[in-house]
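Protein chains in written order, with the working numbering: chain G, 380 to 698; chain C, 62 to 396; chain X, 19 to 351.
What follows is the structure in structure tokens.
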């Protein structure tokens, strides 16, 4: 098992390096650069060029790449060209904000989603199940950004029960802070949670139902085992592989899944930062956010693979 | 022809008639000619097309019926947009009188800032949104099938390289990749199709390869190879039909995703731009006006929901019906 | 038979498909005594497996369901039992092993655990006791090095060993009856004999009644006390084994006997029973076998023969049974 993890870890590292390299070249090859966007039409060409040189943008691309790589390995994420602040600081501010949303949303996904999946899987054909099925399909089909807009309209503008967006004010204390937090988080987390719950419920349920038709479940029944034992032990174990996949996907979701929601609700998180960085060709920021996202994707896959091997001994012994 | 099919077949001529009655010159306008021809040909198409075998069985399910109806309805609306839309989507109204009119008798879905009829804009938006979505799925499925087939068939080194490349492409957070690529050039609908297609082929490749590999050891493949048939022929004649089922189901579900992706892009201003109309773009125009003019954002979004629900229902039903490993009866653990 | 441990009386099962209903098992009756063995022989699709599933109440409902008759375990009807009582009956009174041992065992648990689980849940054993007993059971079914094997997952065992594990699981509950549904069909011929030998020895050592369901008439020769031949959901002939082989009285039985290749026999072609087994929804009128039967008469297409007692426990459902006995050999090619 140890060798297995090591090999996969090494492959993951290579993968991240690959992603980051490709992103570097893609970002730099896109037309326009931050200097253009930042500069004043009144500036003279020499000044623009001088600005470029200051940021090292006049160097040949491979050289820029190498110097950036060197800095990265040393732990220096660079300075945002547009915001004139260290990238690390920007990320340090944005990440916790995103985590507030996505962490809560993920929790919802996996608790409510799993409960729903199990409930539906054990009650096939009942009207309630069919209804939940249809409802979850619709939820799963909603555009998140539009749902956010509609909720804003109803709850923030018409009913005025909830704030339309933004972070809760930082200067409150105690119960007031908690209340503000809840009010500000309510809609974004709801939007984020909804389609995720639907998606988890449907996928997991399909997996459980599939397992229930297997022959070894019939054997378990022939053994006269009680239904709850059959369900929890025999049926869920293989179905948990699906759950693990989804958990693996949950990791990248933590940072990147809230883009639409952050934009709609003016939430200063990673998603918003990344979108703005791309729009303004802010290379260091683009690279840092993409690198982080890629690391999470790859880490998520790695953990999922380890999870599979733990759940299904066949995989362990096969490799 | 059964009653139901006759009704469906009659839709084409009815729409044409309706358009003609509204404005006799409409069907012959240059931008409407295509739709007119389609409407005329429609009864023959319905008469000739008969889903058989597995497809027919798949479509018997309720889910498939509802989903299929939604999808077909939306595709027809998109195809006959010039005939169906009350006015041109670009037609601006009186700057004072027609601005921001709420839904009413004259404008069923209201009007926007320039007095343009929202119903017409939503109908024409269907054209753009659907064609981009379908186009991108066709592209990604085509590309993915190619990669997956080559990787699965060749095996060994080639397979290794292709799968590493796929893993690499998958390691990118999709949203970021799309945004990066879109930033490359002016986002025409064609470029958006390409971008969405280029970012979506990976799962298809995995699917195709996964379906292909176990089948390569099957008797009929080995037999064909021993008879000297070439790889392409074996693939198209024997293997592709076998994996077509899961592939079609997958593609249908993907169209739903593609619509959501395109609408989000357009909403951010990075997708379809004026003068083209897409649902996402329409929502964008309504974004800042939620306090008052809610209908600008609501109806396009509703259209998106209906479309995606339709494709998801259909895709679900197809997947259930076409999966060769499907078990039929739900199992209860207690008697 | 006064002490029948398991008895079916006129059991019928119906199959519902696409809105249509048909009897897939029609008024089947048989019984088996303690330590006895019954062989049920028939082609696929004739309903033989479904009977066993019916006894265990593991029918694929709602598609297949009871349609009349009784199932009695030690004299008590079990069809009317509530779900919990039925569950308690499984594995302790009646146990079942299935055709495909690979898919019938949970792939992620060790085989020892799959036996121990039953012992803990149904036999109230503690963990350690259950673990010890599973190793004992593995030994009893003839698995070498049982302590090591107990820790392995099904994938690591051969087909024959997996089936032995299934038998061990079945024995763990100390049942009175074992229903074996095509236990050897998926196994190599040499392994088949050994598994069947194992079942014979279990009968002798434990007083276990065995119901062997198979499509291969040869398997029951010399192993079962009584054989029931099924066709299209009905029992067409039932007799003590020796008598059946000695004086087959149903055309289908003749056909089955004739179709087996025999070592030392000089033939150029193997005899076959022409035609195909019919689907439950497409049963012919009268006797279901008549379209394929070389002895069929006008009457056979109009009336359905009932099981008639020909003496000495020999039951046949055929109008032409006398002629069949006289001919003694399958006239088809």
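A virtual CB, placed ideally from N, CA and C, is assigned to each residue, including glycine.
Since the model is a prediction, treat every value here as computed from it, not as a measurement.
Residue burial classification, residue i (beta-carbon count within 10 angstroms, cutoff 16)
i, result
"residue 64 of chain C", "exposed"
"residue 625 of chain G", "buried"
"residue 199 of chain X", "buried"
"residue 73 of chain X", "buried"
"residue 92 of chain C", "exposed"
"residue 413 of chain X", "One cannot answer for residue 413 of chain X here, as it falls past the ends of chain X, which runs 19 to 351."
"residue 212 of chain C", "buried"
"residue 388 of chain C", "Only weak support is given to the placement of residue 388 of chain C: the predicted model assigns it a pLDDT of 49, under 50, and the value that follows is read from those uncertain coordinates. Burial call: exposed."
"residue 38 of chain X", "exposed"
"residue 247 of chain C", "exposed"
"residue 377 of chain C", "buried"
"residue 346 of chain C", "buried"
"residue 680 of chain G", "buried"
"residue 223 of chain X", "exposed"
Inter-residue Cα distance where the pair is residue i and residue j
i, j, result
"residue 476 of chain G", "residue 99 of chain C", "52 Å"
"residue 325 of chain C", "residue 363 of chain C", "14 Å"
"residue 184 of chain X", "residue 563 of chain G", "58 Å"
"residue 320 of chain X", "residue 238 of chain X", "33 Å"
"residue 127 of chain C", "residue 519 of chain G", "17 Å"
"residue 485 of chain G", "residue 104 of chain X", "42 Å"
"residue 250 of chain X", "residue 597 of chain G", "25 Å"
"residue 510 of chain G", "residue 573 of chain G", "16 Å"
"residue 215 of chain X", "residue 124 of chain X", "26 Å"
"residue 118 of chain C", "residue 375 of chain C", "13 Å"
"residue 111 of chain C", "residue 71 of chain C", "16 Å"
"residue 179 of chain X", "residue 196 of chain X", "18 Å"
"residue 319 of chain C", "residue 197 of chain C", "7 Å"
"residue 397 of chain G", "residue 229 of chain C", "7 Å"
"residue 659 of chain G", "residue 331 of chain C", "13 Å"
"residue 131 of chain C", "residue 155 of chain C", "35 Å"
"residue 464 of chain G", "residue 454 of chain G", "16 Å"
"residue 576 of chain G", "residue 514 of chain G", "11 Å"
"residue 497 of chain G", "residue 584 of chain G", "6 Å"
Residues that residue i bridges to, as DSSP identifies them
i, result
"residue 48 of chain X", "X:26"
"residue 112 of chain X", "X:108, X:195"
"residue 94 of chain X", "X:91"
"residue 55 of chain X", "X:228"
"residue 253 of chain X", "X:248"
"residue 333 of chain X", "X:256, X:327"
"residue 458 of chain G", "G:465"
"residue 38 of chain X", "X:35"
"residue 172 of chain C", "C:178"
Residue-level contact to chain C via CB, residue i, 9 Å cutoff
i, result
"residue 642 of chain G", "yes"
"residue 635 of chain G", "yes"
"residue 520 of chain G", "yes"
"residue 664 of chain G", "no"
"residue 654 of chain G", "yes"
Chain D contact for residue i (CB, 9 Å cutoff)
i, result
"residue 324 of chain C", "The structure shown contains no chain D; the protein chains it does contain are G, C and X."
Below-9 Å beta-carbon distance, residue i vs any chain G residue
i, result
"residue 388 of chain C", "With a pLDDT of 49 at residue 388 of chain C, under the threshold of 50, the modelled position of this residue cannot be trusted; read the value that follows with caution. Chain G, which has a Cβ nearer than 9 Å to the Cβ of residue 388 of chain C, makes this yes."
"residue 21 of chain X", "no"
"residue 94 of chain C", "no"
"residue 145 of chain X", "no"
"residue 185 of chain X", "no"
"residue 109 of chain X", "yes"
"residue 91 of chain X", "no"
"residue 173 of chain C", "no"
"residue 67 of chain X", "no"
Anticipated Cβ contact below 8 Å, residue i with residue j, distance rounded
i, j, result
"residue 649 of chain G", "residue 474 of chain G", "6 Å"
"residue 187 of chain C", "residue 528 of chain G", "Not quite, the Cβ-Cβ distance comes to about 20 Å (not below 8 Å), so this is no contact."
"residue 591 of chain G", "residue 614 of chain G", "6 Å"
"residue 24 of chain X", "residue 112 of chain X", "7 Å"
Cβ of residue i within 9 Å of any chain X Cβ
i, result
"residue 684 of chain G", "no"
"residue 698 of chain G", "Note that residue 698 of chain G scores a pLDDT of 38, beneath 50, so its modelled location is shaky; the value from the coordinates is reported in the next line. Output row for residue 698 of chain G: interface = no."
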